[in-house]
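Peer 1:
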Amino acid sequence: MTDRINELIAEVEAFSSRAAAEIEEFRIRTLGKKGTVTNLMEEFKTVAPEMKRALGQRLNELKTKAQQKINDLKASAEAAGPRSESIGDATRPGAGSAEPVGSRHPISLVRNEIVAIFDRMGYTVADGPEIEDDHHVFTALNFAPEHPARDMQDTFFIEKNPDVLLRTHTSSIQVRVMEGGKPPIRVICPGRVFRNEAISYRAHCIFHQIEGLYIDEGVSFADLKQTLLHFAREMFGEDSKIRLRPSYFPFTEPSAEMDVSCNLCGGKGCPVCKGTGWLEIMGCGMVDPNVLENCGIDSKKYTGFAFGMGVERIAMLKFGVGDLRLDFENDVRFLKQFASES
Ligand code: DAH
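For the sequence shown, the tail end lands on 342 under my numbering, and the numbers increase by one without skipping.
(1) For V110 versus V311, is the C-beta spacing smaller than 7 Å?
(2) Under 6 Å: does the beta carbon of T252 sit that close to some heavy atom of the ligand SAM?
(3) Between S84 and the rest of its own chain, which residues show a CB-CB distance below 8 Å, the 5 nearest in sequence each way excluded?
(4) Cutting at 8 Å between CB atoms, please list the residues of its own chain near F221, excluding the five before and the five after it.
(5) Over the uninterrupted alpha helix (DSSP H) stretch that includes G128, give me the two end residues.
(6) Taking just the CA atoms, how far does H230 sit from E238?
(7) Between which residues of its own chain and I297 is the CB-CB distance below 6 Å, once the five residues before and five after are set aside?
(8) Return the residue from the list D89, I158, G128 and R245 that minimises the CA-CA distance to I173.
(9) With a CB to CB cut of under 6 Å and the five nearest residues on each side skipped, what residues in its chain are close to N330?
(10) Say the cut is 6 Å; is the CB of G218 nearer than that to a heavy atom of the ligand DAH?
(11) Please report the distance separating the alpha-carbon of G122 from that of K300.
(12) At which residues does the alpha helix (DSSP H) containing F221 begin and terminate?
(13) Can you list, in chain order, the residues of its chain whose CB lies under 8 Å from that of H169, leaving out five sequence neighbours each side?
(14) I'd like to confirm the pairing. Which residues does DSSP put opposite V187 in its beta bridges?
(15) Note down, in chain order, each residue of its chain lying with its Cβ closer than 6 Å to the Cβ of D216, except the 5 sequence neighbours on either side.
(16) Count the other CB atoms within 10 Å of the CB of I281; is the residue buried (16 or more) or exposed (fewer)?
(17) Assuming K63 and V47 are in contact, meaning their beta carbons sit under 8 Å apart, how far apart are those beta carbons, in whole angstroms?
(18) From the DSSP output, in three-state form, read off H136 for me.
(19) Any idea which residues DSSP pairs C284 with across the strands?
(20) Less than 6 Å separating the Cβ of A306 from some heavy atom of the ligand DAH?
(21) List the DSSP bridge partners of P246.
(22) Using a Cβ-based criterion (distance less than 6 Å to any ligand heavy atom), does C270 qualify as near the ligand DAH?
(23) Quick one: grab the DSSP three-state call for D327.
(24) Do you know whose CA, among C295, M41 and L335, lies nearest N142's CA?
(25) State buried or exposed for D323, treating a residue as buried only when at least 16 other CB atoms are found within 10 Å of its CB.
(26) Between T30 and A79, which are expected to be in contact by the criterion C-beta below 8 Å, what is the C-beta distance as a whole number of angstroms?
(27) Which same chain residues end up closer than 7 Å to I199 when comparing Cβ atoms and leaving out the 5 residues on each side of it in sequence?
(28) Return the residue from the list M1, R313, V12 and L59 that minimises the CA-CA distance to Y201.
(29) Going by DSSP, what residue range makes up the beta strand (DSSP E) through V164?
(30) Establish whether the CB of D134 and some CB of chain B are separated by less than 7 Å.
(31) Who are the Cβ neighbours of Q337 in its own chain at under 6 Å, not counting the five residues just before and after it?
(32) Roughly how far, in whole angstroms, is the beta-carbon of D133 from the beta-carbon of V101, given that I think they are within contact range, below 8 Å?
(33) According to the Cβ coordinates, are V12 and K69 closer than 7 Å?
(34) Quick one: give me the first and last residue of the alpha helix (DSSP H) that E99 is part of.
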């Protein structure tokens, strides 16, 4: 019997709970009518008289300890409040401050803004694969077979099959759109592109472009100019001016490079525009009739324009980011600075 009393004392000492139901269950199991302590009290009546003194003292100790333990646990469960056994008070604010709000990546912000501007002009968004073939990236776009852009130096090819490559520009999407549909076509094509470039503050092997394409009967260079002027005003401010400089791309004829007046110095000249007052932001031109024919569009009936711009470059101008490697590092100290932009 001594052993059983000792075991029960140890059990009472070890027990702990803040749940009212568990404490009550413990009370019934020990001090209840058929509880372990109560049973021992009954048994005690039959113990030989010479043993009674020592055992009685120990048994009383057990009973007092059990009662004391139950009282203490009940008191602390009540002090902790009625809901403490489960999830706590769900209406109380959480520990610490509220969840921190995330921010959009500057590249996403700029891309979304450009897409929204063209969306308001009736352009829809088109998508295409990043892993492409020679036809969509070069051949259909009128690149001569010996054109340097086809070189390993610029393009990532899959070694085993040179017809599989990572697209070097989003102009491949305009080929897919023309092949897949009939004019009128008015699309904007954002996407990631890849070039075999050494990484520096102004170049990366992965970057983002947005391609635009408009094909219909009677589309002229004047339409292109007015569309791009409207875009520049929406993107960089109402006072923005544009200028078009003659250029060359295999897929447009005539081709041009577009500059926007520097929105930092208002065209007076500053370090960002290198004193010229102008910033180069995109290539553009009238879609070459060869390209229309390559994509199954009647070049006698239809004309159109295309343009392509680099998203990192525009983000650089808009947010004053001086090193485009920051766009790829995902350092929260950089990303947090865009938290107030929508
Ligand atoms: N694809 C060209 C590039 O990667 C950009 C470009 C220039 C796209 C002129 C066009 C365009 O659609 O008309 O540099």
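Each residue gets a CB set at the ideal place from its N, CA and C atoms; glycine is no exception.
No experiment lies behind these values; they were computed from the predicted model shown.
Peer 2: So, from the data block:
(1) yes
(2) Within the structure as shown, the ligand SAM is missing, the only ligands being the ligand DAH.
(3) Caution applies to S84, whose pLDDT of 49 falls short of 50 and renders its modelled position unreliable; the model cannot decide the point.
(4) P254, M286 and F305
(5) Counting along the chain, G128 falls outside any alpha helix (DSSP H), and DSSP gives it neither H nor E.
(6) Spanning the two alpha carbons is a distance of roughly 9 Å.
(7) Non-local beta-carbon contacts of I297 in its own chain, meaning distances under 6 Å to residues more than five positions away in sequence, involve M178 in chain order.
(8) G128
(9) none
(10) no
(11) Taking the straight line from one Cα to the other gives about 25 Å.
(12) F221 to F236
(13) V137, V193, Q209, E211 and G308
(14) T124 and L213
(15) P183 and P184
(16) buried
(17) With 8 Å as the limit, K63 and V47 do not qualify as a contact, their Cβ atoms being about 15 Å apart.
(18) helix
(19) A256 and F307
(20) yes
(21) DSSP output for P246 lists A256 as bridge partner(s).
(22) no
(23) helix
(24) C295
(25) With fewer than 16 other beta carbons inside 10 angstroms of its own, D323 counts as exposed.
(26) At roughly 23 Å, the Cβ-Cβ gap does not stay under 8 Å, so T30 and A79 are not in contact.
(27) C205 and R325
(28) R313
(29) N161 to L166
(30) Looking for chain B here will not work: only one protein chain is present.
(31) Correct list: empty, nothing qualifies.
(32) Actually they do not touch by this definition, with Cβ atoms about 42 Å apart.
(33) yes
(34) That residue, E99, is in no alpha helix (DSSP H); it is neither H nor E in DSSP.
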